[in-house]
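Novice:
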Amino acid sequence: MEKIKILWADDEIDLLKPHILFLEQKGYQVSTVNNGIDAIEKIEKEIFDIVLLDENMPGLSGLETLNRIKIINAHIPVVMITKSEEEHIMEDAIGNKIADYLIKPVNPNQILLSLKKNLENKRLVSEKVNTGYQQEFRNIGMSISDRLSFDEWCEVYKKLIFWEMKLESSNDKSMYEIFEMQKKEANNLFSRYIEKNYEYWLSGRGEAPVMSHTLFKSKIAPHIKEGQKTCLILIDNLRFDQWKVIQPLIEELFRIDEESIFTSILPTATQYARNALFAGLLPSEIEKRFPKLWLNDEEEGGKNLHEEEFLNDNMKRLGLKSKTAYIKVTNNTFGKKVVETMPNYLQNDFVALVYNFVDMLSHARTEMEVIRELADNEAAYRSLTLTWFKNSPLFEIIKFLAEKKVKVIITTDHGTIKVTEPTKVIGDKNTNTNLRYKNGKSLDYNAKDVFVVKNPAAAYLPKTHISSAFIFAKEDKFFAYPNNYNYYVNYYKNTFQHGGISLEEMLIPFIVLTPKS
């Protein structure tokens, strides 16, 4: 392995020979100079991994030298060493982005610790993460081979997200590949679990987890009280891992009272899952209660235009009399307008805010080449979510709610998965276009890749024709037609989609927040 190269600039460098020998014995290569001008010349001619810089040198001072070094190489870490503890010197050095600050006299171990912190930190963290995951790999593997309950599947998923986010910062690609294999295996077994239990849950014969249509009654309604202002924020398409990346920003403003997971209904698509959430009813029940408002896949028109009516009807059935406002943000311009008008909305006791940006982002991931490049993997997708959130009107709204001491509930209607494997399907001209589920008659498909609901009524789904059925893609599969097969595969592979069965689409966050005092 190539030695780490250190440049040490100090006007008393001869007195530091014992320190230099110590570092060389530890495997570092140390070059020395006794003034700032020579340090700058060295930086211009050679590549160094780090600079140790005395602040108090004759001629060009340490701070002046630091400025010149940063002009030549803005990214090289510089450790400032000084006798002075004056605040303005520290502030100037920190303002120039020093990597560390040591007060003389320094001993060799202090310097060694600073080097490890600044140069080997990533490697040491990576090694620790890899060792930790190796130990956890066996535990996760053993747990997912058992017959898990819903709550146990939630815990497995949380562990997978934890290790995925840890490992993505590691340079060990082979370890991340092992993780991806384990996650794929987990999704395979989770798909079997859903296939076995989904219709059973809906039949009422056994205990079901909290699902889209029961979430409002069981988890949201208890927080809605007259006189206590509560805001429900439904961020469409928000996965649990995306919640985890924005969580630190939220925690600066709120205390997390509850962080839990519930399951989306099938299809994990907005027109089904979100309507069910607000209506407190399953799709076929919504169709029966609101025959003029519900539209099936093959019918023309918007499928999510009546959420407010569904919500008001649901609240009436639950006996909730709180003054309610419903807001749907579908673009950034309207989001900014909502920031300005939020005081007016808070004249109500309960505000339901639907924010569509994450959903638009995931669809844009398919449609726009720029987004494809920005979010070409899971880590980039999370990073893009965080960047958007930091600069979004939604974050401004949340800050305002914290300031006004409003209780906030954050949730979603479904998640999304990066699809990688095509599976062929054939349907008639009325079959819907979603890549993760199909609803139609005379569907031809690969049975091992899908969960089939031959009788839609059993899954409380609308039955558009006598012979109509639903099929749901499992794991990271996506449907492609034999006609133009290569086009579909090349265009949609490695894009983020929803509608089917996976941990990412179905196991979604429910968060209750109380403003910090």
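Residues in the sequence shown are numbered from 0 upward in steps of one, following numbering that gives the first Met the number 0. We treat Cβ as the ideally placed atom computed from N, Cα and C, and that holds for glycine. None of the values given here were measured: they were computed from a predicted structure.
When you compare only the Cα positions, how much space is there between P481 and A374?
Specialist: So the two alpha carbons sit approximately 28 angstroms from each other.
Novice: Since V32 contacts A38 with CB under 8 angstroms, what's their CB separation in whole angstroms?
Specialist: Their Cβ separation, rounded to whole angstroms, is 5 angstroms, which keeps V32 and A38 in contact under 8 angstroms.
Novice: Helix, strand or coil for L101 per DSSP?
Specialist: Residue state, collapsed to three classes: strand.
Novice: Give the single residue among F189, L15, L20, I139 whose Cα lies nearest to the Cα of V105.
Specialist: Comparing Cα-Cα distances from V105 to each of F189, L15, L20, I139, the minimum goes to L15.
Novice: In chain order, what residues of the same chain have a beta carbon less than 6 angstroms from the beta carbon of N438, not counting five sequence neighbours either side?
Specialist: D296, N431, F469.
Novice: Counting along the chain, where does the beta strand (DSSP E) carrying E298 start and finish?
Specialist: Where E298 is concerned, there is no enclosing beta strand (DSSP E), given that its DSSP letter is neither H nor E.
Novice: Between A207 and the rest of its own chain, which residues show a CB-CB distance below 6 angstroms, the 5 nearest in sequence each way excluded?
Specialist: W200.
Novice: Taking Cβ positions, are K417 and E377 nearer each other than 9 angstroms?
Specialist: Closer than 9 angstroms, so yes.
Novice: Which runs of the alpha helix (DSSP H), 4 residues or longer, sit entirely within the segment 219-258?
Specialist: Segments of the alpha helix (DSSP H) lying fully in the segment 219-258: 239-250.
Novice: Using 9 angstroms as the threshold, is the C-beta distance between I507 and F189 below it?
Specialist: The answer is no: Cβ separation not under 9 angstroms.
Novice: In the structure shown, what three-state DSSP assignment does A92 receive?
Specialist: Low local confidence applies: a pLDDT of 49 at A92 is under 50, so the model's placement there is unreliable, with the coordinate-based value given in what follows. A92 falls in the helix class under three-state DSSP.
Novice: Please confirm if the segment 490-510 is in contact with the segment 454-462, defined as three or more CB-CB distances below 8 angstroms between the two stretches.
Specialist: Short answer: they don't touch.
Novice: What does the Cβ neighbour count give for T604, buried or exposed, with the cut at 16 atoms within 10 Å?
Specialist: The requested residue 604 is not part of the displayed model; the chain covers only 0 to 516.
Novice: Exposed or buried, which one is L56 when buried takes at least 16 other CB atoms within 10 Å?
Specialist: Reading off the sequence, residue 56 comes out as Met, not Leu. Answer is buried; the Cβ neighbour count reaches 16.
Novice: Over the uninterrupted alpha helix (DSSP H) stretch that includes Y486, give me the two end residues.
Specialist: Residues 484-491.
Novice: Unbroken beta strand (DSSP E) runs of length 3 or more, entirely within the segment 32-75: which are they?
Specialist: You should have 49-53.
Novice: Quick check on this structure: which residue in I245, A73, E135, L281 has the alpha carbon closest to the alpha carbon of S202?
Specialist: Minimum Cα distance to S202 is reached at L281.
Novice: Closer than 8 angstroms is the cut-off here; do at least three beta carbon pairs connect the segment 477-493 with the segment 222-237?
Specialist: With the cut-off at 8 angstroms, the segment 477-493 and the segment 222-237 do not touch.
Novice: On the premise that Q109 lies in contact with I139, defined as a C-beta separation below 8 angstroms, what is that separation, rounded to the nearest angstrom?
Specialist: About 40 angstroms; that fails the 8 angstroms criterion.
Novice: Please state the DSSP three-state secondary structure of L506.
Specialist: Strand.
Novice: Alpha helix (DSSP H) containing K195: first to last residue?
Specialist: Residues 172-202.
Novice: Is K515 helix, strand or coil when you go by DSSP?
Specialist: Note: K515 maps to coil in three-state DSSP.
Novice: Mind checking whether the beta-carbon of S190 lies closer than 8 angstroms to any heavy atom of the ligand FAD?
Specialist: Within the structure as shown, the ligand FAD is missing, as the structure has no ligands at all.
Novice: Decide if D9 is buried, meaning its Cβ has at least 16 other Cβ atoms within 10 Å, or exposed.
Specialist: The residue is buried, with at least 16 neighbouring Cβ atoms inside 10 Å.
Novice: In terms of DSSP beta bridges, what is W7 paired with?
Specialist: Bridge partners of W7: T31, L51.
Novice: Taking the runs of the beta strand (DSSP E) that are 3 residues or longer, which of them lie wholly in the segment 383-469?
Specialist: Listed in chain order, the complete beta strand (DSSP E) runs (minimum 3 residues) inside the segment 383-469 are 406-410, 416-418, 420-425, 436-440, 449-452.
Novice: Does DSSP classify A268 as helix, strand or coil?
Specialist: In the structure shown, A268 sits in coil (DSSP, three-state: anything other than H, G, I, E or B).
Novice: Got a sec: is the Cβ-Cβ distance from P421 to anything in chain C below 9 angstroms?
Specialist: Absence of chain C from the displayed structure is noted, only one protein chain being present.
Novice: Would a C-beta distance cut-off of 9 angstroms place N347 and T419 closer than the cut-off?
Specialist: No; because the gap between Cβ atoms is not below 9 angstroms, this pair is not in contact.
Novice: Counting beta carbon pairs with one atom in the segment 395-402 and one in the segment 257-271, are three or more of them shorter than 8 angstroms?
Specialist: Judged by Cβ distances under 8 angstroms, the segment 257-271 makes no contact with the segment 395-402, as fewer than three pairs qualify.
Novice: Return the first residue and the last residue of the beta strand (DSSP E) that I12 is part of.
Specialist: Per DSSP, I12 belongs to no beta strand (DSSP E) and is neither H nor E.
Novice: Counting along the chain, where does the alpha helix (DSSP H) carrying T213 start and finish?
Specialist: Per DSSP, T213 belongs to the alpha helix (DSSP H) from 211-214.
Novice: DSSP puts K327 in a beta bridge; with which residues?
Specialist: BP columns for K327 point to V353.
Novice: Can S211 and Y271 be called in contact, C-beta distance under 9 angstroms?
Specialist: Yes, the pair counts as a contact, with Cβ atoms nearer than the cut-off.
Novice: Can you tell me which of the three DSSP states K116 falls into?
Specialist: Looking at K116 - three-state DSSP - the assignment turns out to be helix.
Novice: Along the chain, where does the beta strand (DSSP E) containing F495 start, and where does it finish?
Specialist: 494-496 is the extent of the beta strand (DSSP E) around F495.
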